[in-house]
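Beneath this line is the structure, given in structure tokens, with notes to follow.
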Amino acid sequence: MIEAKRLSKHYGRTVAVDDLSFTVNPGRVTGFLGPNGAGKSTTMRMILGLDRPNGGDVLIDGQHYAGLKHPLRKVGALLDAKWVHPNRSARAHLRWLAKSNRLPVSRVDEVLEMVGLTAVAGKRAGGFSLGMSQRLGVAGALLGDPEILLFDEPVNGLDPEGILWIRQLMHRLADDGRTVFVSSHLLSEMAQTAQDLIVIGRGKLIAATTTEQFIHDATEDRVRVRSPQASRLRELLAGQALVADDAVDGALVVHGLAASVVGEVAAENGIVLHELSPQRGSLEEAFMQLTKESVDYHAHD
Ligand SMILES: Nc1ncnc2c1ncn2[C@@H]1O[C@H](COP(=O)(O)OP(=O)(O)OP(=O)(O)O)[C@@H](O)[C@H]1O
Numbered sequence: 001m002i003e004a005k006r007l008s009k010h011y012g013r014t015v016a017v018d019d020l021s022f023t024v025n026p027g028r029v030t031g032f033l034g035p036n037g038a039g040k041s042t043t044m045r046m047i048l049g050l051d052r053p054n055g056g057d058v059l060i061d062g063q064h065y066a067g068l069k070h071p072l073r074k075v076g077a078l079l080d081a082k083w084v085h086p087n088r089s090a091r092a093h094l095r096w097l098a099k100s101n102r103l104p105v106s107r108v109d110e111v112l113e114m115v116g117l118t119a120v121a122g123k124r125a126g127g128f129s130l131g132m133s134q135r136l137g138v139a140g141a142l143l144g145d146p147e148i149l150l151f152d153e154p155v156n157g158l159d160p161e162g163i164l165w166i167r168q169l170m171h172r173l174a175d176d177g178r179t180v181f182v183s184s185h186l187l188s189e190m191a192q193t194a195q196d197l198i199v200i201g202r203g204k205l206i207a208a209t210t211t212e213q214f215i216h217d218a219t220e221d222r223v224r225v226r227s228p229q230a231s232r233l234r235e236l237l238a239g240q241a242l243v244a245d246d247a248v249d250g251a252l253v254v255h256g257l258a259a260s261v262v263g264e265v266a267a268e269n270g271i272v273l274h275e276l277s278p279q280r281g282s283l284e285e286a287f288m289q290l291t292k293e294s295v296d297y298h299a300h301d
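Residue numbers (the UniProt record's numbering): 1 to 301.
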């Protein structure tokens, strides 16, 4: 479990993290979301003792990272995939990491296998693509078979097969009962990966909840309807709901009524339906809605 309590960090006059409290629980994949510059990497660095908070505290199972007896056995982290010495091979890098942390060297080949780098284990890490470097970073995080895993933007540079692989890996790690904390910009990816979310903006907590609840709270459910008698149906629904047109295919999009009610109105009036589908809001919509006040870097058109 990771517990941040009233955590703050500033760099000169820039407030990177501002009175931030949250808990990351075991057995779940927890997504860490926020617009650019929201303070995600700074928070992750503070969890790992790489940055010192100006206020508050962050504990790993009740202890500071610096106080952990065998840090790599407790916490594995992927922060910056490119920090590997460029002339070392992937295997040599992991052997060095294992030896310097008193971990069994036999674990190196196991983690190389787990991340799919066995065939290139003897090659210079400096020649690796970003996706291969990410896999090597994940191998390093898994080396100590830790209970807690931190991944900062792990899907950066991965191809679709790599993205699926890392999603399944994170689910497996959480199913084992581990704590998995992962930051990402890719919201549709997070929607499929994270069961819980911690959302921050300008260093402050915006939401800490399940992914499902987050989407439910910030977006409105709606119903898509297609009918050869669409204008008649629209007239009938207009008194009870807001009815819009889908810009792409002209279907009716009904806000504020359940699909069952729309279906009943149609049936009572003998209207044929070609489609009646409840639509859920997306994580993108929910995220935009809840973070619009706290985006530091807008695209101006
Ligand atoms: N070492 C540093 N020195 C000065 N300012 C910093 C430093 N590290 C981070 N910051 C600033 O702190 C704020 C938070 O940055 P951080 O990198 O933690 O955000 P982030 O949410 O990880 O962003 P991104 O998604 O763009 O990586 C930003 O305004 C950033 O410019």
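For glycine and all other residues, C-beta sits at the position ideal for the given N, C-alpha and C.
Predicted, not measured: the structure shown is a model, and the values here were computed from it.
Opening and closing residue of the beta strand (DSSP E) in which residue i lies
i, result
"Asp18", "Thr14 to Val24"
"Pro278", "Glu275 to Gln279"
"Glu284", "No beta strand (DSSP E) contains Glu284, which is instead part of the alpha helix (DSSP H) from Leu283 to Thr291."
"Thr30", "Arg28 to Leu33"
"Val180", "Thr179 to Ser183"
"Leu59", "Gly55 to Ile60"
"Asp245", "Leu242 to Asp245"
Alpha carbon of residue i to alpha carbon of residue j, nearest angstrom
i, j, result
"Leu252", "Leu273", "11 Å"
"Lys5", "Ile200", "14 Å"
"Glu275", "Thr219", "22 Å"
"Leu136", "Val261", "53 Å"
"Glu212", "Asp152", "22 Å"
"residue 304", "His64", "Because the chain here runs from 1 to 301, residue 304 falls outside it and cannot be looked at."
"Val115", "Leu68", "26 Å"
"Gly256", "Leu242", "7 Å"
"Leu20", "Leu150", "18 Å"
"Lys292", "Ser184", "18 Å"
"Gln168", "Asp175", "10 Å"
"Tyr11", "Thr42", "10 Å"
"Lys40", "Glu284", "18 Å"
"Leu186", "Ala121", "29 Å"
"Gln279", "Val254", "10 Å"
"Leu158", "Gln134", "8 Å"
"Ile2", "Phe22", "8 Å"
Reduced DSSP secondary structure (H/G/I, E/B, other) of residue i
i, result
"Ala194", "coil"
"Arg224", "strand"
"Arg6", "strand"
"Thr43", "helix"
"His216", "helix"
"Ile271", "coil"
"Tyr11", "strand"
"Leu143", "coil"
"Leu187", "helix"
"Arg202", "coil"
"His300", "In this predicted model, His300 has a pLDDT of only 48, less than 50, meaning its place in the structure is not dependable; the value taken from the coordinates is given anyway. In the structure shown, His300 sits in coil (DSSP, three-state: anything other than H, G, I, E or B)."
"Asn87", "coil"
Bounding residues of the alpha helix (DSSP H) (the contiguous stretch that carries residue i)
i, result
"His93", "Ala90 to Ser100"
"Asp175", "Pro160 to Asp175"
"Leu72", "Pro71 to Lys74"
"Ala238", "Ala230 to Ala238"
"Leu252", "That residue, Leu252, is in no alpha helix (DSSP H); its beta strand (DSSP E) goes Leu252 to His255."
Bridge partners - residue i, DSSP secondary structure assignment
i, result
"Gln63", "Ile60"
Can you pull every residue whose C-beta falls closer than 6 Å to some heavy atom of ligand 1, listed in chain order? Tyr11, Thr14, Ala16, Gly34, Asn36, Gly37, Ala38, Gly39, Lys40, Ser41 and Thr42
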